[in-house]
Every structure is written in C-alpha cells, then in structure tokens.
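Chemist:
Chains as they are written, first to last, in the numbering used here: chain A, 452 to 924; chain B, 452 to 924.
1. Is residue 690 of chain A buried or exposed, if buried means 16 or more other CB atoms sit within 10 Å of its CB?
2. Where does residue 802 of chain A fall in DSSP's three states?
3. By how many angstroms is the C-alpha of residue 902 of chain A removed from the C-alpha of residue 491 of chain A?
4. DSSP on residue 505 of chain A, reduced to helix/strand/coil?
5. Please classify residue 471 of chain B as buried or exposed, where buried requires at least 16 neighbouring CB atoms within 10 angstroms.
6. Of the residues that make up the segment 469-482 of chain B, which ones have a beta carbon closer than 9 Å to any beta carbon in chain A?
7. Could you name the residues that DSSP lists as bridge partners for residue 821 of chain A?
8. Which of helix, strand or coil does DSSP assign to residue 876 of chain A?
9. Taking just the CA atoms, how far does residue 775 of chain A sit from residue 915 of chain B?
10. To the nearest angstrom, how far is the alpha carbon of residue 617 of chain B from that of residue 695 of chain B?
11. Which term fits residue 566 of chain B, buried or exposed, when burial requires 16 or more other beta carbons within 10 angstroms of its beta carbon?
12. What is the DSSP secondary structure of residue 575 of chain A, counted as helix, strand or coil?
13. Hey, is residue 921 of chain A's beta-carbon within less than 8 Å of any beta-carbon in chain B?
14. Helix or strand or just coil, what does DSSP make of residue 537 of chain B?
15. Would residue 500 of chain B and residue 516 of chain B be called neighbours here (beta carbons separated by less than 8 Å)?
16. Can you tell me whether residue 752 of chain B is buried or exposed, with buried defined as 16 or more other CB within 10 angstroms of its CB?
17. Would you mind telling me which residues of chain A sit closer than 8 Å to residue 745 of chain B, beta carbon to beta carbon, in chain order?
18. From what residue to what residue does the beta strand (DSSP E) around residue 528 of chain B run?
19. Confirm, please, whether the CB-CB distance from residue 684 of chain B to residue 737 of chain A is below 8 Å.
20. State yes or no: is the beta carbon of residue 873 of chain B nearer than 8 Å to at least one beta carbon in chain C?
21. Relative to the alpha-carbon of residue 867 of chain A, which residue among A/893, A/575, A/476 and A/542 has its alpha-carbon at the smallest distance?
22. Where does residue 778 of chain A sit, in a helix, a strand or coil, going by DSSP?
23. Starting from the beta carbon of residue 790 of chain B, find every residue of chain A whose beta carbon is closer than 7 Å, and list them in chain order.
24. So for residue 746 of chain A, helix, strand or coil by DSSP?
25. Which word fits residue 464 of chain B, buried or exposed, when buried means at least 16 other C-beta atoms lie within 10 angstroms of its C-beta?
26. What's the gap between the Cα of residue 824 of chain B and the Cα of residue 664 of chain B?
27. Quick check on residue 522 of chain A: buried or exposed, where buried means 16 or more other Cβ atoms within 10 Å of its Cβ?
28. Within the chosen definition, does the segment 749-769 of chain A reach the segment 695-706 of chain A through at least 3 CB pairs nearer than 8 Å?
29. Are any of the Cβ atoms in chain A nearer than 8 Å to that of residue 914 of chain B?
30. Out of A/638, A/779 and A/815, state which residue places its alpha-carbon closest to the alpha-carbon of residue 871 of chain A.
31. What would DSSP say about residue 471 of chain B, mapped onto helix, strand or coil?
32. Any beta carbon from chain B within less than 8 Å of residue 700 of chain A's own beta carbon?
33. Sort B/661, B/512, B/648 and B/649 by Cα distance to residue 593 of chain B and report the nearest one.
34. Using CA coordinates, which residue listed in B/624, B/740, B/678 and B/716 is at the minimum distance from residue 865 of chain B?
35. Please name the residues in the segment 722-746 of chain B whose beta-carbon is closer than 9 Å to at least one beta-carbon of chain A, in chain order.
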C-alpha cells in the first residue's frame, strides 16, 4: 500500500464515519425552500446559497456568494498546497429546486427530509432536492471535506460553481460567465447532475444530442375559402403540408433529406457493444409510454435511436378550423414546428439549410413557403481518451465494483453547452441519480447508497486526478 | 298569335309599364332592416314579413304571416280559377338579409336603395338585400302581380313560401315543414336564390354536390414526451397523421381511397360540352384567390372539378405545441377534420365508411385511431328531362336570347335538401344574381337588368307551366 492509497483509505473511512453528520447537512440544505422559479422564494434561494458557501468554507474553500442579475452563484476556490501546479477542476452543481405542486401528492412534507424504506431501492432520502441537485452536489463537497479533514489539504486545485437558477432556465448564467469566466475556468468541468445506469451500476454521460429547430409557414389561397365554392381546383395548404412533411421520412424510418446523415461519426465500437450488452428493458421503457416497439430507424437498437442517431420531430402542427364541430373551410395557411436532435458530425446550420431546401422543393409553385425561428446547437461527444475520463471510470469501477456505463443522452444539457462554448472547457458528467428519483415530481428521493457511494467515488476521483498529468486545456 | 301568347305579351307589357312602381316596392322592402341573425332586428323581420304578405295580397294571393319558433314564414296561396287542376308550384325565397358590418365600407347607406351607375354592369340597384334575396324573390311576385292585373287570375296554382331565417342557418325550417308541410307541398319547388352565368346569360342550377364529414383523432404515446428523452424510438402521432392524410391522394390529385369514385354518374354529355365551351375565365377565377392553376384532378376541367367531381378536403389539423416559440415535445395526440364534397352516385355512409377504413389501415398498431362526428348528405343532380325544366329553359332563352347555362354548384343548398328530404319535392333553381353582387358583403347590388328580365322570365315561366301537363309529384 503506497502512501497515496493509504491516504485515500483514510479519507473513505472518514466519509463512512461522518455519514450521519453529512446527512444532517443534507437535511438542513433540503430544508431551505430554494424554489428559483417563484419570486416568493428569493430569500430562501439566498439562504441556500449562504448555507452552501458555509459548507464550502468548512471544507477549506474560500467561498463567495456572487451576485448575478437573478439568484446568486456560489463560488468556491481551493488551491492545493501539495499540488499547486497540478490539475485544476471545476465542479458544477445547482442549489435551486423545482416547485412542489401538487403538494397533495407528496406522501410527507417535501422539505422535511428523512430516511425512509423504499421497496425497490432500500433506504432512500426523501425530500425536494434530495436528488436534484442538493444531494448530488453535496457528494462532492463531502468528498472534499473528508480529504481536507484527513490531510489538511486537497490533492488538486478545485473551483466550485453552484448555480441558483438551473430550474428556471439559467437566465443569468451567460452574463455571469461573461463577467466572471476567468474565475470559473479550469482544466475541465466535473458536472454532477446526471444519472447512474441503475441503482447498482454507475455511469458517465458521454454524449449529448444537439438540437435545432425551425417553424414552417405556408400559404396557399390568399384567403380562407368555402370548400363548396372552391373545393377541387383550390389548393389546400394542409394537404400540401402533410405531403411535404410525410416526405421527410422513408419507409424504414430514416430521414429522407439529402445530406442529413453526412459526416455522422458512428459511436465508439466498444461503447456501442456495451449498450447492446446491457440488459436494458426495451419493452418496459416502451410500455411505460404506451408503445410496443421502437419507431425510429429500424436498423438501430433502441438506445442507439435514442442516444446517437439524429431525428426530425414535428412538435406541432396547425391549420384551418380546429374548434368544435365542422367548418367547410379550405384554409389559406398551414404551419408546423419542427425540431431536430443532432449527433456529432452534424452542423446545425447545415442541417437547417438542408431541411428547408428539401421542404421548399416539395411544394407546388402556388404555395408560398417561409421559415421562421431557425436556431440550433450542435451535439457533443466527449473524448473518451482524456485522462480525467479514465480517472472517473476507474474510480466508479472501484467504488461500485461494476464497469460504469458510458451513457448517451437524447437531449442537450445547457450548462455543458455554456462551459464548452463560452469557456472552451471540456466536461465530465458523473451523477448518481436514478430514473425513479421523481425529480421535478412529487416524492423526490435519492438512494442512500447513491449519496454514500457518490461521496466515496468523488473522493477516489480527487485522488486519481492528482495522479494524472495536468489535463490539457 | 294564339290567345295564350297574346296574354303573355300583355303581361310583359304590364311589367314594363309598371317598372317604376315595382322598383318602389323593392326599395320599400329593402328599407326594412330585416337582419335575422341579430335579435335587435326582430321587429324589422316581422315588418318585412308583413310587407311581403301585403305584396302577395296585392297580387291576388291569400297571404299569412305564419309564426315559427323564430322569425315568421310568409305563406301565400293562389288557386288558379282557369287551371284549378293544373300544375301547382311552390315558390321559395327569403326576406331576411345579412348584417351590414363593416358599415364604413359601404359607399352609401345600405338600407336606402337607389339606382346607381356601375362601370361593369350599367344601372344597378344598390342596397342590402337588393340581390340576396329581396330583389330576387320580388321578381316572382311582380310576375304574378302582372298576370293577375292583366287576367284577374294566375295560369297555375301557386304557393309561396318566404323564409325569415335563411341567413342565420334556418333553425325553424325543419320544425315548420314538419308541422305545415301539407300547406307547403306542391308538384315542384321553384327556388330563386342562385346565379346567372354572367350579366347577359341566364342559368339553371342543375346539380349540387353533397357533403360528408368526419373528424379523426389519433393517439400515439400515452402522454406528451420530451423529444430529447424519447425522440427516435417514440412514435410521433403528427408524423403518423401526416403520412396517413398524404396517402388519401395520388400524384394526379385523385382520391386514392378504394371505392371513392364507384357509381359516379358522369355529367350529361351535352351539359359537359356546354361547360367546356363557355368562356369561363379560369385564370381570373384562380388569380382572385391567389393561385395560377387548378389543383384538382388533372384530367378534369376546372368547372368539372368544382361542380361534378367529388373531393376530400382537410378543413383543419392540430396537434402538439402551437404557441409562440419552440417546445421540444412529442405529443400524445394529433387530430384532423375532413370533409367530402359528394356527387351523384356517392352514398355518404359508404364514403364515410370507406375513408375511415382506408385511414385506419395507414396506421401502425401502436396508434389508437378514432373517428368522431361522421355525418353526411348526398349530392343532388336534377332530372333535366322534367317538363318544368324544359319550361324554365325555354322561358330564359326567350327572355335573354341566350341558351341558359346548366350550372353545377360546388356546395349544397339547405332549402333544396329540406324540400327533397322532408317533402319529397323536386326543385328547380333559377336565379338572376351575379358573382359580383357583393352578397354578404358591403355595397350589395342587383343589376337592374336582372330585376327586369327576372320578372319577365318568370312571367314567361308561369305561362309555360300552365301549358305543361300536371307535373308528376
């Protein structure tokens, strides 16, 4: 046993001993009703920020409750005495929580945290924010606290950024990063707001689909027409729109827009193999939403359809008379909202252009076609060969005694986009939440094992990061 | 010159002499603001009914203002002394008018009728109801009055029914016909609420398309889904609906539903030939609604597409998010309203069934499909060989010195449906309105020549009807 390993063992033991105190801190944190979307809870948001800053100070950080145009950020700084020139990581979490309506559906008060028995998960921590994201972010602070208590130091340089507006669309984030970016920037960001694979298996979220969207507005006749007086010769824009949108897909569920799949990087083969080997409950996933089979590209597995294949969705359509009863109108206009989930290799601008060009070509010359609100952000595929990725994988494997699943994520995560585009910072997404945590819903919970193993896995990562060479910026 | 012809000449001369008085009666009729849809004008509706009943009495009729659940009907009865066992015709018109909003767009007061010069039409009668339908219905009463003044009799038995709720959906009509049907029923109905072909060419409306409709409601996922979390494997019901609705048509604009065109009677060849020979302004008709070419079945002429070919129209479609901005939702549901213009030979029930069966077959088993509000009424093609049809054609030809156009009508006419289905009565549709009469719009007018020739043509028809054998019921 070398000395670094010895230190880690002492840190892990400290975490185990201090478990009761750590839970007390989490319970106190949950008790502060920091609902960011409701202005009535502004005071509570500030209180939660102050409490988190206090926890950071207790862990040896220099902490600041930093004002923004909205709820404050909490900034924590720690410069390692032993490893001042070593790696520098930014840890991100958020202290704000979702509203609790409908309150009547909670089995016990949302802000009075307690440990309860759950038939599927064993002991769980009940309470709003227990998982999203107070419990999650505290795993890191507790890991740092234990390191500091055992060694009087942290093994790497750490900045902590805790946001107070994640649940209300992060309106102040961009402005804050513009102003304080240099105080936030590190070698890479460790973000703790994501999922494990299941209650026993850890995960690293390794790719996020991007998003682009556009609205199509078409006009056929110059006014609404009576279908008796004009039906036959008059062009019906709903019919034209249906036909154009139907042409977006072929019979195998593939997008038929030329160039849509160009330059798409196939997923890392080992990751794809891992996905196919997972005992993912396809039937259960689909049954939960009322379906019996996957409806994406038929040549791809459900998880591939979800995580690493792009889509075109029609999010909304409207035209003509949509009130009660019948109206024999041939409308002048029809409209639809489209959005595209993008994967690595697809440029939002190019995809938006290709789709618009394809759609324009579907319409007769008597149709006026226009597009509005085109907008997009690219997909992210994290580099699995980065040293911090290896460290995280090993730490999770050591702690959970299972290989972590390299998850994909069908949606985008705004903070990742902000860190990558504004601060040019690589991201590492490790979290311990579960699909059944009821985040954003009544009866939110966090598995006690997630909290405990989360603290311990982050302690292992802090050790691992200190061993790696300074990560490339 | 036989004596019947001699009498007719005297009647026509009487009409010409009495033109000024006839116009005075029309102006007085227009002056009564009988807007049926607005309860504030109930008194005026009653006044208009009384005035019309008075005109009938002056023409020798026994007249009654008959109460209904809404505005009253005017009933007039004349039993011919000379031809008591001869034909019996029912004349139909309506004394109510459309509202006048927006008043600011009228060039002069809507209820102060006057003769003005119109660059395209020469002298026209300006005023609300001048065409629809006070001017039109008065042409018949004036013809009868002249007959009565000249001969002290009418050459045929005549019942007159003037409705006061045509412009507000005829809510009391069915109930009235149920109760008083035997007082209304005649050998055939002459309805004067339709168009000439152009200002110089008369017309008989010889076919009306029927109408059926149904709403389709589909459900894919059992709830609205986040397109990031589910996009790919999740079935999008808007996409499914687009595809199904697009399948309703083939590339030549024909309806692709099996059986849709079964049993369709092709139009009478001479009538079709007449249509094709008309100098109908296709380009102008289309340009008026912002189109450059007809979009119906490519193998049919525009007028055929409009009058004697059936259609499926999508009158409305809705699903997903249709507010401002973007929402990355995969909706649970999508819906559309469909209606069908039917032609002779198509049974509404069979068409509704065929379309529903066809649409059901377009959907994957994961889609729940339901239909609501199926309803329909068949098309009408009048028998061109009936004696009263010949009489009308000859009278119009004699008066206008042009062959009347046998028009189709793309929509249905509720009174025709009521007479045919409730009273099993054949209908003859002759009117003298023009497309540019601005009925239902500001600055309604009626060509003075329409009024004059209309009176004279009806005088000729009364003569012609008396010569024919008693029409078969």
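Note that CB positions come from ideal geometry on N, CA and C, so glycine has one too.
Modeler: On the basis of the data shown:
1. Here residue 690 of chain A is taken as the residue at index 239 of the first chain, counted from 1. With 16 or more other Cβ atoms within 10 Å, it is buried.
2. For the purposes of this step, residue 802 of chain A is taken as the residue at position 351 of the first chain. Helix, per DSSP.
3. Working through the first chain from its first residue, we reach residue 491 of chain A at position 40. Working through the first chain from its first residue, we reach residue 902 of chain A at position 451. Cα to Cα, residue 491 of chain A sits roughly 30 Å from residue 902 of chain A.
4. Within the first chain, the letter at position 54 stands for residue 505 of chain A. Three-state DSSP puts residue 505 of chain A in a helix.
5. Translated into positions along the second chain, residue 471 of chain B becomes position 20. Residue environment for residue 471 of chain B: exposed (fewer than 16 other C-beta atoms within 10 angstroms of its C-beta).
6. none
7. In the first chain, the residue the question calls residue 821 of chain A occupies position 370. A/668, per the DSSP bridge assignment.
8. Translated into positions along the first chain, residue 876 of chain A becomes position 425. Three-state DSSP puts residue 876 of chain A in coil, outside helix and strand.
9. Taking the first residue of the second chain as 1, we reach residue 915 of chain B at position 464. Taking the first residue of the first chain as 1, we reach residue 775 of chain A at position 324. Straight through space, the alpha carbons of residue 775 of chain A and residue 915 of chain B are spaced by roughly 48 Å.
10. To locate residue 617 of chain B, count along the second chain from 1; it is residue 166. To locate residue 695 of chain B, count along the second chain from 1; it is residue 244. Rounded to the nearest angstrom, the two C-alpha atoms are 38 Å apart.
11. Here residue 566 of chain B refers to the residue found at position 115 when the second chain is read from its first residue. The residue in question, residue 566 of chain B, is exposed, as its Cβ has fewer than 16 Cβ neighbours within 10 Å.
12. As a working note, residue 575 of chain A is residue 124 in the first chain. The answer is strand: DSSP assigns residue 575 of chain A an E or B state.
13. What you label residue 921 of chain A is simply residue 470 of the first chain in a count that begins at 1. Any answer about residue 921 of chain A is weak, because its pLDDT of 45 lies below 50 and its placement is not dependable; what the coordinates show is given next. Not closer than 8 Å to any Cβ of chain B, the Cβ of residue 921 of chain A fails to qualify, so no.
14. Taking the second chain and counting its residues from 1, the one referred to as residue 537 of chain B is at position 86. Taken through DSSP and simplified to helix, strand or coil, residue 537 of chain B comes out as coil.
15. Here the question's residue 500 of chain B lines up with position 49 in the second chain. Here the question's residue 516 of chain B lines up with position 65 in the second chain. Yes. Within cutoff.
16. Numbered from 1 along the second chain, position 301 holds the residue referred to as residue 752 of chain B. It counts as buried.
17. Here residue 745 of chain B refers to the residue found at position 294 when the second chain is read from its first residue. Going along chain A in sequence order, the residues near residue 745 of chain B (Cβ under 8 Å) are 683 and 684.
18. Start at 1 with the first residue of the second chain, and residue 528 of chain B comes out as number 77. Per DSSP, the continuous beta strand (DSSP E) segment holding residue 528 of chain B begins and ends at 524-529.
19. Reading the first chain from its first residue, position 286 is the one you call residue 737 of chain A. Reading the second chain from its first residue, position 233 is the one you call residue 684 of chain B. For residue 737 of chain A and residue 684 of chain B, yes; Cβs fall inside 8 Å.
20. Checking the listed chains, one finds no chain C in this structure; the protein chains it contains are A and B.
21. Taking the first residue of the first chain as position 1, residue 867 of chain A is located at position 416. It is A/542 whose Cα lies nearest to the Cα of residue 867 of chain A.
22. Taking the first residue of the first chain as position 1, residue 778 of chain A is located at position 327. Three-state DSSP puts residue 778 of chain A in coil, outside helix and strand.
23. Position 339 of the second chain holds residue 790 of chain B. Correct list: 678, 777 and 779.
24. Numbered from 1 along the first chain, position 295 holds the residue referred to as residue 746 of chain A. Three-state result, residue 746 of chain A: coil.
25. For the purposes of this step, residue 464 of chain B is taken as the residue at position 13 of the second chain. It counts as exposed.
26. On the second chain, position 373 is the one that residue 824 of chain B refers to. On the second chain, position 213 is the one that residue 664 of chain B refers to. Answer to the nearest angstrom: the Cα atoms are 7 Å apart.
27. Taking the first residue of the first chain as 1, we reach residue 522 of chain A at position 71. Residue 522 of chain A comes out buried.
28. yes
29. For this step, residue 914 of chain B is matched to residue 463 along the second chain. Closer than 8 Å: no.
30. On the first chain, residue 871 of chain A is found 420 positions in, with the first residue counted as 1. Among A/638, A/779 and A/815, the Cα nearest to that of residue 871 of chain A belongs to A/638.
31. Taking the first residue of the second chain as position 1, residue 471 of chain B is located at position 20. Of the three classes helix, strand and coil, the one that applies to residue 471 of chain B here is helix, per DSSP.
32. Here residue 700 of chain A refers to the residue found at position 249 of the first chain. Yes, residue 700 of chain A counts as interfacial toward chain B.
33. Here residue 593 of chain B refers to the residue found at position 142 of the second chain. For the residues B/661, B/512, B/648 and B/649, the minimum Cα distance to residue 593 of chain B belongs to B/512.
34. Taking the second chain and counting its residues from 1, the one referred to as residue 865 of chain B is at position 414. Answer by Cα proximity: B/624.
35. 733, 736, 737, 739, 740, 741, 742, 743, 744, 745 and 746
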